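These notes are about the structure you will find just below.
Residue numbers (this note's numbering): 2 to 488.
In structure tokens form, the structure reads like this:
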């Protein structure tokens, strides 16, 4: 037992994941406190500000995505790494100038976009945060490839920790939004300073190397840009429809449920964040047997764990919400969002197969088609069917499910696996997951008693008992041997 404990203490991966989960726990608490202090209307304003920041984060022409892949593939080539990082930083300097030009254009024309959310009052700090976030995400990718996790942990923790502190000091609603933005700005600035101080690659803006590497980043990055932007815009566009066609207070309710559900799903994103470079590196070797093994390993652990956590938090929601009477009627909205995000978290598995095989063009086309499908469905729900705001997320649930099915079809083709409805559906949604999920969705939509979800959880455990039992073995292997997911 003692050797295992020593191994765990020295394990970088365990340290990172533990810190990340602690940070997410703080974010989880912050979400509740912010919702309670702001109330539905001001929470709607805060949600809109974050929505704009998410749009700004996608405005990158795919450079960080192509950089991520190329750094993972060329991780042992120091010269190539230097050229890639130099070109990427140069690109972000140019992008910052573009952002500044857009801000000047907005101010010069006296535009008042997002008037009902008072967005003009916050546009300058939002601009600065967007620029700094781009640079920090760039360095986060590099430090992840270099297996330097302490700097990443600081970047991911400083804003949540500072936010928690100020939430016990500031009580005024309007002031709180400004202080939250100030905390984000300060956190991004200090994170960038640490990244630059710890950077171990020499940055050189030689025209010759920039001229060679930049086209490579942009060429490979363009389709990754289409893919990543459209993929994330699926969820962002749903929130945009709610913000545009429903009242500020309803968007506030939706923001509360989304923030809570997203905080839960981020638990798994932290793990996929760590293993993504290694998956790309291994799948790039074109070994079909190894590819199939990796996919099976991830499906049997990762996806089952996601569903187990989803059902657990659906059951816990009434207890969590007891302290926040303003949001006690948001169970349906929360449950539908968290059930939609399950498919979102599932997408990275097969998209990794296509990325490793340089199929960015096909990925971009698929993501664009699904984004259009999502927007159409969301608008139909909001404008034609005129359903309540909780149901708009069903468009995203359908879109991400379709997206996973299409990705599986393409990935199986790359691995020369015969496609059939049974095979594709079983890969994405075996009966052991489909039956409890369908029952849970039916119970949520029809407003069944909360006790019925205990039956759903029990059914899920029975149908997936062997896989759940294997999760303990997977965790134990990671604790004993960090090289399993050594990034």
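Even for Gly, the Cβ is constructed at its ideal location relative to N, Cα and C.
Computed from a predicted structure; not experimentally measured.
For the options 240, 391, 329, the alpha carbon positioned closest to that of residue 49 is the one of 240. Take the alpha-carbon of residue 329 and the one of residue 149: they are about 42 Å apart.
Under the three-state reduction of DSSP, residue 30 is assigned to helix. DSSP places residue 334 in the uninterrupted alpha helix (DSSP H) bounded by 332-347. The Cβ neighbour count for residue 89, taken over all protein chains shown within 10 Å, is at least 16; the residue is labelled buried. Burial is judged here by how many other beta carbons sit within 10 angstroms of a residue's own beta carbon; residue 207 has fewer than 16 and is exposed.
Inclusion of residue 361 and residue 172 in the CB contact set at 8 Å is not warranted, their separation being larger than that value. In the DSSP assignment, residue 175 falls within the unbroken alpha helix (DSSP H) covering 174-199. By the 16-neighbour rule on beta-carbons within 10 angstroms, residue 455 is exposed. Counting the other CB atoms within 10 Å of its CB gives residue 468 a total of 16 or more, which places it among the buried residues.
Assignment of residue 360 by DSSP, reduced to helix, strand and coil, places it in the coil class. Look at residue 413 here: in three-state DSSP terms it is helix.
For residue 208, the uninterrupted alpha helix (DSSP H) run begins and ends at 208-246, by DSSP.
The Cβ atoms of residue 87 and residue 209 lie no closer than 8 Å to each other. Here residue 349 is buried. Its C-beta has 16 or more other C-beta atoms within 10 Å. In terms of Cβ geometry, residue 225 and residue 66 form a close pair [threshold 8 Å]. Spanning the alpha carbons of residue 131 and residue 59 requires a straight line of approximately 10 Å.
Of the residues 169, 247, 238, the one whose Cα lies closest to the Cα of residue 377 is 238.
Residue 189 has its alpha-carbon roughly 24 Å from the corresponding atom of residue 82. A distance below 7 Å between beta-carbons, with the five flanking residues on each side excluded, links residue 158 to the following residues of its chain, in chain order: 20, 24. Put simply, the backbone Cα of residue 264 is about 10 Å away from that of residue 31. Contact between the stretch 331-350 and the stretch 254-263 is present, with at least three C-beta pairs closer than 8 Å.
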